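Undergrad: So that we are looking at the same thing, I have put the structure below in structure tokens.
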Amino acid sequence: MAGHSKWANIQHRKGRQDEKRGRIWTRIIREIMVAARQGGGDLEANPRLRLAVDKAKAANMPADNIKRNIDKATGNLEGVTYEEIRYEGYGIGGAAIIVDTMTDNRVRTVAEVRHAFNKHGGNMGTEGSVAFQFQHVGQLIFAPGTNEDQVMEVALEAGAEDVITDDDGAIEVLTAPAEFEAVKNALEAAGLVAELAEVTMRAENNIALEGEDAERMQKLLDVLEDLDDVQEVYHNAEL
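In our numbering, the protein residues as written are 42 to 280.
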């Protein structure tokens, strides 16, 4: 199945994340704590916690930090309680934006998110206003030049829902969230390591923005991502 070009967007996004690496630990710690609180501290029995711990290891977080935050979340140590809240809205050119937060103060968080939208040319919407434009999926993206036949064979055998070849040659594997780990592990066992592998909100249709509109959209996304309580920002803009 053919798809749109995503490779440039992925590389752009990874570059922006590298610039903000200092903030990544904070977000991973919150994800670990929420996952452990909801599903317990046993990695074998808690897939969401396993993914969070994998992220922590990939970000070079010490094992002691990981264990301490799991203990906090499961009641073995005193800690802060976070709740998850999702906000939705529109950016430049009507691009759809989802903002996932973890917060210990929802009044503060909604005020900060609304201010960011209003100040930088966006509009905060109501619950459900843009979420229908996204799919909750596992997503693995392989660089152009990866063996497409091998990716397809291994991924589909392991339970993937679809394999898409983008216009620029990148290969995208889509899974149900529950099947993400199994598919990822099968691909890695076959020597196929994705450039990007995550459970995400994937836009069904993208909006292309160029020039000044692209710059304004990037500024809005940067401001949202820099808010302390924001975990993830999803959007359907191609910049």
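Don't be surprised by glycine CBs; every beta carbon is placed ideally from N, CA and C.
Predicted model only: the values in this text are computed from it and were never measured.
(1) Can you round the beta-carbon distance between GLU279 and ASN246 to whole angstroms, since I take them to be within the 8 Å contact cut?
(2) From what residue to what residue does the beta strand (DSSP E) around ASP141 run?
(3) Quick one: Cα of VAL271 to Cα of TYR128, how far?
(4) Once DSSP output is grouped into helix, strand and coil, what is the label at MET42?
(5) At the level of alpha carbons, what is the spacing between SER170 and ASP95?
(6) With respect to the alpha helix (DSSP H) encompassing LEU262, which residues constitute its N-terminal and C-terminal limits?
(7) Just the C-alpha distance for ASN159 and GLY166, rounded to the nearest angstrom, thanks.
(8) If you compare alpha carbons, which of ALA217, ALA157, ALA99 is closest to THR241?
(9) Inspect the beta-carbon positions of ASP254 and ILE138 and report whether they are closer than 8 Å.
(10) Confirm, please, whether the CB-CB distance from ALA211 to VAL204 is below 8 Å.
(11) Following the continuous beta strand (DSSP E) through VAL178, name the residue where it begins and the one where it ends.
(12) If you drop the 5 nearest sequence neighbours on each side, which residues of the same chain put their C-beta closer than 7 Å to that of MET102?
(13) GLU239 lies in the beta strand (DSSP E); which residues open and close that run?
(14) Buried or exposed: GLU230, going by 16 or more other Cβ atoms within 10 Å of its Cβ?
(15) Under 8 Å between the Cβ atoms of ALA157 and LEU265?
(16) Measuring only the C-alpha atoms, how far is ARG147 from GLU153?
(17) Which one or two residues does DSSP pair with ILE133 in a beta bridge?
(18) Is ALA184 closer than 8 Å to GLU239 when the C-beta atoms are compared?
(19) Please identify the residue among LEU233, GLY135, THR142, ALA199 whose C-alpha is closest to the C-alpha of THR187.
(20) Under the three-state reduction of DSSP, which class applies to MET165: helix, strand or coil?
(21) Going by other Cβ atoms of all chains shown within 10 Å of its Cβ, with 16 needed for buried, is ALA99 buried or exposed?
(22) Quick one: give me the first and last residue of the alpha helix (DSSP H) that LEU90 is part of.
(23) Three-state secondary structure (DSSP) at VAL148?
TA: By the coordinates alone:
(1) Contact doesn't hold; Cβ gap of about 10 Å is too wide.
(2) 137-144
(3) 10 Å
(4) Caution applies to MET42, whose pLDDT of 38 falls short of 50 and renders its modelled position unreliable; the value that the coordinates give is listed next. If DSSP states are grouped into helix, strand and coil, MET42 belongs with coil.
(5) 32 Å
(6) 252-266
(7) 11 Å
(8) ALA217
(9) no
(10) no
(11) 175-183
(12) TRP66, ILE69
(13) 237-244
(14) Note that residue 230 corresponds to Ala in the displayed sequence, not to Glu. Exposed.
(15) yes
(16) 10 Å
(17) Partner(s): none; ILE133 has no beta bridge.
(18) no
(19) LEU233
(20) strand
(21) exposed
(22) 88-99
(23) helix
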